[in-house]
Ligand code: ADP
């Protein structure tokens, strides 16, 4: 018993966000997220790539003092990659929990980044975790994991990317409380770039202005606008004299 408790503790500690991530709020999203978390509502953070979705989730995990387990989803991902699988070993098999299962057991915030990238049969495994059941069936293991009271599911979703072939099922989407994100307005973005890259605010404002102008070209030759992430990268290069 003592051993399992110790194991639990270290697991949790390992996923804690120890240092406050720098996050510049764009509105009242911090208070809204706290309300969603209090009710353990599943959250969907919507918005274009590089606009601060992941940073926001990291910040909230830190603020709430909860462990955070992030999974970058891709098209090769299967349900086993989330839930877990049996491993073959010299003297038999051993079950290994996937990241979603670990999060449900230890009471972490599980952030599935770009969930649409995963195959649709993968996304349905999250359904029982998003309603009153708050459970995760491990079919292959014959176990149903009841989610820890602190567990919360968060997914990110980029509406711009989706084609008809690849979109979240309506039955999945409607299970989440949506947070609509977009690139920050010019003054906020300049502040973010200055802080992140450690450059002068006036220079950051110029770079942000270029990005804002570039975003207007979306659909006229540019598929995606210039993201805040890209502006931060550019600012880093400028700081180094490029
Ligand atoms: P995504 O929306 O793709 O998850 P990220 O959260 O990774 O984007 O943000 C990309 C980068 O942009 C971050 O690493 C950070 O430098 C910067 N950034 C964007 N928005 C913010 C913000 N509100 N506060 C602080 N940094 C931000």
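In our numbering, the protein residues as written are 167 to 408.
We treat Cβ as the ideally placed atom computed from N, Cα and C, and that holds for glycine.
query, result
"Pair within 8 Å by beta-carbon distance, residue 320 and residue 223", "yes"
"Endpoints, the beta strand (DSSP E) within which residue 258 is located", "258-263"
"Nearest-angstrom Cα separation, counted from residue 295 out to residue 394", "32 Å"
"Distance between residue 228 and residue 184 (C-alpha atoms, nearest Å)", "7 Å"
"Any 3 or more C-beta pairs closer than 8 Å across the segment 336-349 and the segment 202-213", "yes"
"Alpha carbon of residue 267 to alpha carbon of residue 286, nearest angstrom", "19 Å"
"Pair within 8 Å by beta-carbon distance, residue 374 and residue 355", "yes"
"Contact check, residue 363 vs residue 402, beta carbons under 8 Å", "yes"
"Residue 299 classed as buried or exposed, judged by whether at least 16 other C-beta atoms fall within 10 angstroms", "exposed"
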